[in-house]
Amino acid sequence: MVSSVGPNKSYSGGMTFYVFWAILVASCGGLIFGYDIGISGGVTSMQPFLMKFFPSVYEKEIGVQNTNQYCTFNSETLTLFTSSLYLAALVASFVASTVTRKFGRKISMILGGFLFLIGAVLNGIAFNVAMLYIGRVFLGVGVGFASQSVPLYLSEMAPCMYRGRLNVLFQLMITIGILIANLVNYGSDKIKAGWGWRLSLALAAVPALIVVLGASFLPDTPNYLIDSNKHKEAKAVLKRIRGTDDIDEEYNDISLASEASKLVNDPWKKILERKYRPHIIMAALLPCLQQLTGINVVMFYAPVLFKTLGFGNEASLASAVITGGVNVAATFVSVALVDRKGRRFLLIEGALQMFIFQVIVGSLIWAKFGTSGVAVVSQPYAIGVVFCICCFVAGFAWSWGPLAWLVPSEICPLEIRSAAQSITVAVNMLFTFIIAQIFPWLLCNAKFGLFYVFAFFTLVMASFVWYYLPETRGVPIEEMWSVWKEHKVWGKYIPNDVMETEKTGKPSEEV
Ligand code: BGC
């Protein structure tokens, strides 16, 4: 459950060092998610790792100059290594939603970090493929718990006027995690003895420890404490995070919101009501479309992709560091613009930018590799491809990256917000899994056309936002109903009496 307090009210107190620290620590949950995204692509391109666990891929790779390069990495067991995590995260996100609601956001975060830690250790010491996969499942469950609980924690702790920007902090940590992983891969690949991959995988323990230890010292959110009838503690936390004793108004509002949401016994049944149709469609479609940009082809497989282009090992990993750096830098653009230019502008601009550069990348690869997939690429040409991939990544990083998390979290009324969050996480993980699993097969079969497929989806995304997504910038969360009501497509789903109820200030479920 997320606080229903909105920016139309000004509570006493503001940003304190304590709340900033708490939010910073909690957002490290994004770090474990990101570290994992970035690490697997690099590791699966390291020869000692392939020799040990996936010898058939290794054999294909060393004959790479005269075989079809589109198909070098088409191994189901290898892709399952990357994608198994997301399947585990998908299942875990539903369990996490209950744990988060019943036992608190803090427990969920600690549990997420702890399970991730076990996964890191298992992967670091793995001596067979089974250990690798079991480790991945632990990592996945950790990621599922973290991505369910961290965004809620951030929203509930943040002073409402900073909520948008602070929400993007989760995505920023994801991108920092990816970049750190890219750097670690670049360094560990240089270890001549061939155990660099172990270091890469085991170092996932560091962000996990930060989350476990950091979260242990965090307070739980006032919202959870009020919800579990720990009123005295809730007041003390609220006073501390807002830096003032004058917290009665905010405290009362959270209590009211808590009471209102308690009236809903089964949010999963509630969410199926007609008036929540727009919300549920957005909560599911935004993360789905986010993944159909093909971003994780770059995030997971950048080194593999660059190797396919004929880059050496080191150059491939270095290029992944470059795309990772662009990803972090461009996320700051989102932080700066999201509340000024609005969500729709960024989402449409980002989609069109991705469209242009996907088409260029596809065409550059087509021109060189044709359909046979055999080619030697000159350095300037390859640099051109990396540049275009960076432009694509930047387009994603300031638009669909953060906003596919932010928008679903701000469009739903309190009574369905937690359930909708689980849907967003689960759909995100499902499509991450599907893309990760089918990418090497798609590259092998659709060849350069793969990039045109993703380009097609980015066009669909721009049109979808244009026609269907209302602007939510600056709209108080409690007044979101009017945004839907005024929309020419969604308006008919919203009964008039919901609006009436909103005006009288009563919770919508009493309608
Ligand atoms: C997505 C991830 C992606 C990352 C890239 C996140 O918003 O959910 O799938 O890898 O952005 O920065």
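Using this note's numbering, you'd call the opening residue of the sequence shown number 9 and step up by one each time.
The C-beta atom is built at its ideal place from N, Cα and C for all residues, glycine as well.
Is ASP228 helix, strand or coil when you go by DSSP?
-> Correct three-state label for ASP228: coil.
Is ALA428 closer than 8 Å to ARG279 when the C-beta atoms are compared?
-> One detail in the question is off: residue 279 reads as Ile in this sequence, not Arg. For the 8 Å CB-CB criterion, ILE279 and ALA428 form a contact.
Is there contact between the region 344-355 and the region 192-205, where contact requires at least three CB pairs shorter than 8 Å?
-> Remark: fewer than three beta-carbon pairs, one from each stretch, lie closer than 8 Å, so the region 344-355 and the region 192-205 are not flagged as touching.
Reduced DSSP category for ILE255 - H, G, I as helix; E, B as strand; rest coil = Coil, per DSSP.
Any non-hydrogen atom of the ligand BGC closer than 7 Å to TRP406 Cβ = No.
Reduced DSSP secondary structure (H/G/I, E/B, other) of ALA212 = Three-state result, ALA212: coil.
Taking Cβ positions, are PHE441 and LEU300 nearer each other than 8 Å?
-> Taking 8 Å as the Cβ cut-off, PHE441 and LEU300 do not qualify as a contacting pair.
Report back the beta-carbon spacing between THR183 and GLY37 to the nearest angstrom; my notes put them in contact at under 8 Å.
-> For THR183 against GLY37, the beta-carbon gap comes to about 14 Å, at or over 8 Å, which does not count as contact.
Once you ignore the five residues that flank ALA242 on each side, which residues in its own chain have a CB closer than 6 Å to its CB?
-> Excluding residues within five positions, the ones whose Cβ falls inside 6 Å are PRO230, LEU233, ILE234.
Heavy atom of the ligand BGC less than 7 Å from the Cβ of GLY370, yes or no?
-> The answer is no for GLY370.
Cβ neighbour criterion (16 or more within 10 Å) applied to HIS239 | Exposed, because fewer than 16 other Cβ atoms sit within 10 Å of the Cβ of HIS239.
Could you check if SER53 is buried or exposed, using at least 16 other CB atoms within 10 Å of its CB as the buried criterion?
-> SER53 counts as buried, since at least 16 other C-beta atoms from the protein chains shown sit within 10 angstroms of its C-beta.
Start and end of the alpha helix (DSSP H) containing VAL33?
-> Run containing VAL33: 25-51, per the alpha helix (DSSP H) assignment.
Enumerated in chain order, which unbroken segments of the alpha helix (DSSP H) with a length of 4 residues or greater are wholly contained in the region 286-352?
-> DSSP runs (the alpha helix (DSSP H)) wholly in the region 286-352: 303-316, 321-345.
With respect to 7 Å, is the separation between the Cβ of ILE45 and the closest non-hydrogen atom of the ligand BGC below this value?
-> Yes, the ligand BGC has a heavy atom inside 7 Å of this Cβ.
Three or more C-beta pairs closer than 8 Å, one from the region 110-123 and one from the region 148-166: is that the case here?
-> Touching, yes, given that three or more Cβ pairs across the two stretches are closer than 8 Å.
Where does the unbroken alpha helix (DSSP H) through TRP276 begin, and where does it stop?
-> Note, TRP276: alpha helix (DSSP H), 275-278.
Between the C-alpha atoms of ILE249 and PRO167, what's the straight-line distance to the nearest angstrom?
-> Using only the alpha carbons, I get a separation of about 9 Å.
Identify which residue in TYR309, PRO159, TYR389, PRO227 has its Cα closest to the Cα of SER105.
-> Nearest option by C-alpha distance: PRO159.
Three-state secondary structure (DSSP) of ALA104 | Looking at ALA104 - three-state DSSP - the assignment turns out to be helix.
So GLY172 is in the alpha helix (DSSP H); what residue range does that whole segment cover?
-> Unbroken alpha helix (DSSP H) run through GLY172: 171-196.
Does DSSP put ILE133 in a helix, a strand or coil?
-> Three-state result, ILE133: coil.
Candidates THR339, LEU325, ASP256, ILE391: which alpha carbon is nearest LEU414's?
-> Nearest C-alpha to LEU414: THR339.
Any idea what DSSP makes of CYS452, helix, strand or coil?
-> Helix.
Going by Cα to Cα distance, which pick from SER342, PHE456, ILE368 is closest to GLU357?
-> Nearest neighbour of GLU357 by Cα position, chosen from SER342, PHE456, ILE368, turns out to be SER342.
Is LEU140 closer than 8 Å to PHE89 when the C-beta atoms are compared?
-> Yes.
So LYS114 and ASP253 are in contact, right, with Cβ under 8 Å, and what is the actual spacing, rounded?
-> Not a contact, Cβ separation roughly 24 Å.
Would you say PHE178 and LEU191 are within 8 Å of each other, going by their C-beta atoms?
-> No.
In its own chain, which residues sit with a C-beta less than 6 Å from the C-beta of PRO311, not counting the 5 before and 5 after it?
-> Closer than 6 Å at the Cβ level, and outside the excluded window around PRO311, lie GLY49, GLY50, SER53, SER324, LEU325, ALA328.
Own chain partners of TYR66 with C-beta closer than 8 Å, once the 5 adjacent residues on each side are dropped = Beyond the five residues adjoining it in sequence on each side, TYR66 comes within less than 8 Å, by CB distance, of GLN55, LEU58, MET59 in the same chain, given in chain order.
Check whether LEU313 and ALA390 have beta carbons under 8 Å apart | In this structure, LEU313 lies away from ALA390, with their beta-carbon atoms at least 8 Å apart.
How do the region 365-380 and the region 390-405 stand: do at least 3 beta-carbon pairs fall below 8 Å, yes or no?
-> Taking a cut-off of 8 Å for Cβ pairs, the region 365-380 and the region 390-405 touch, as three or more such pairs fall below it.
Is the region 454-471 touching the region 290-310, taking contact as three or more C-beta pairs under 8 Å?
-> As far as the Cβ criterion goes, the region 454-471 touches the region 290-310, which means the pair count is three or higher.
Buried or exposed (CB count within 10 angstroms, at least 16 for buried), TYR194 | By the Cβ neighbour-count rule, TYR194 is buried, with 16 or more other Cβ atoms within 10 Å of its own.
Comparing the CB of MET181 with every heavy atom of the ligand BGC, is any distance shorter than 7 Å?
-> Not so, every heavy atom of the ligand BGC lies at least 7 Å from the Cβ.
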